[in-house]
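Have a look at the structure below before the remarks.
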């Protein structure tokens with residue numbers, strides 16, 4: 004089973020839930036797809052087993068064959084090519100590697116060269132396995148790297164996927180293909196507002212979802228009531244507490260505490276039961 008852990012906004016505790024859930028799920032692979040700022044390795048540690056460079060194709064213009072016809076610029080949806088009166092400018096940062104420019108070049112003056120965009124990293128430690136991507140600084144699109152990391156998940160393996168926050172393209176790319184998505188939220192006006200957006204994304208993707216309420220107990224909207232009114236299962240909750248924040252800031256998992264371990268074991272059971280209702 005692939006379980007994606009997502010949130011409508013940052014700071015709700017998504018990574019906290021993903022790391023601790025993976026730690027109590029024996030044999031599960033933790034996959035960090037927040038490739039712009041992966042941090043699950045802080046909590047899982049481990050030795051780096053493999054590191055693979057990931058590239059994307061970008062166009063290179065053969066100025067000897069180019070006639071400045073402008074076809075390449077016309078078909079580029081991402082404005083990565085600009086044809087000037089005497090030269091063609093290519094902006095690799097904007098290119099998505101779709102290949103349309105080379106396909107429609109009548110002079111065959113465009114070839115595609117590999118442009119490094121990041122790495123796929125595997126770590127292992129004490130039976131815990133972690134897979135994540137590292138996007139290079141300056142890269143405009145993380146989706147190609149996210150897809151590559153997902154392709155490295157072994158067939159049939161159980162995986163807990165830590166998605167990037169929000170509801171933009173990177174988060175959607177991470178959530179796609181999951182068996183169930185756990186949306187982590189907090190009882191604040193912003194938390195509830197962005198939870199609604201995330202639930203709408205799950206609905207559009209036809210993805211089964213449930214909610215985990217973090218920082219329970221702080222003054223704010225009643226998230227449980229909202230979920231009950233809209234038929235969204237609440238799969239678990241974690242109380243607000245300074246000790247939790249302190250342990251998280253030190254890069255420590257919560258499951259060493261028996262009370263907190265029960266929270267994530269119960270979350271795992273709730274996910275299994277919810278998935279079984281399909």
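Numbering (my numbering), first residue to last: 4 to 281.
Beta carbons are placed, not taken as given, at the ideal position from N, Cα and C, and that holds for glycine.
In terms of CA proximity to residue 279, 212 leads the group 55, 212, 134 and 122. Excluding residues up to 5 positions away in sequence, 84, 85 and 86 lie with their Cβ nearer than 7 angstroms to the Cβ of residue 76 in the same chain. Under DSSP, no beta-bridge partner is assigned to residue 271. A residue is called buried once 16 or more other Cβ atoms fall within 10 Å of its Cβ, and residue 46 is buried on that count. Nearest to residue 192 by C-alpha distance, out of 141, 145, 206 and 223, is 223. Cα atoms of residue 268 and residue 235: separation of roughly 20 angstroms, rounded to the nearest angstrom. Note on residue 128: under 16 other CB atoms within 10 angstroms of its CB, so exposed under the neighbour-count rule. In this structure residue 258 touches residue 27 by the C-beta definition: roughly 6 angstroms separates them, less than 8 angstroms. For the pair of segments examined, the segment 7 to 19 was found to touch the segment 166 to 186: the number of CB pairs separated by less than 8 angstroms reaches three. The three-state reading of DSSP puts residue 55 in strand, counting E and B together. Close CB contacts of residue 149 within its chain, under the 8 angstroms cut and outside five residues either way in sequence, are with 36, 38, 136, 173, 176 and 177 (chain order).
Note: residue 7 is bridge-paired with 164 and 184 in the DSSP secondary-structure output. Counting every other CB atom within 10 Å of its CB across the protein chains shown gives residue 167 a total of 16 or more, marking it as buried. Taking 8 angstroms as the cut-off, the Cβ atoms of residue 196 and residue 133 do not count as close.
Contact between residue 161 and residue 32 holds: their C-beta atoms lie close to 7 angstroms from each other, under 8 angstroms. Relative to residue 82, the option among 61, 70 and 67 whose CA is nearest is 61.
About 6 angstroms separates the beta carbons of residue 163 and residue 21, which is inside the 8 angstroms limit, making them a contact pair. Annotation for residue 179: no beta strand (DSSP E) segment contains it, and DSSP assigns it neither H nor E.
In the three-state scheme derived from DSSP, where H, G and I count as helix and E and B as strand, residue 113 is classed as strand.
Secondary structure note for residue 84: its beta strand (DSSP E) is the uninterrupted segment 84 to 86. Taken in chain order, the whole alpha helix (DSSP H) runs of length 4 or more contained in the segment 207 to 277 are 226 to 232 and 245 to 252. Only residues of its own chain outside the window of five on either side were considered, and among them 74 and 78 have a CB closer than 6 angstroms to the CB of residue 107, listed in chain order. Per DSSP, the continuous alpha helix (DSSP H) segment holding residue 150 begins and ends at 146 to 154.
The beta carbon of residue 200 is closer than 8 angstroms to those of 11 and 170 in its chain, skipping five residues each way along the sequence.
One Cα belongs to residue 72, the other to residue 103, and the distance between them is close to 15 angstroms.
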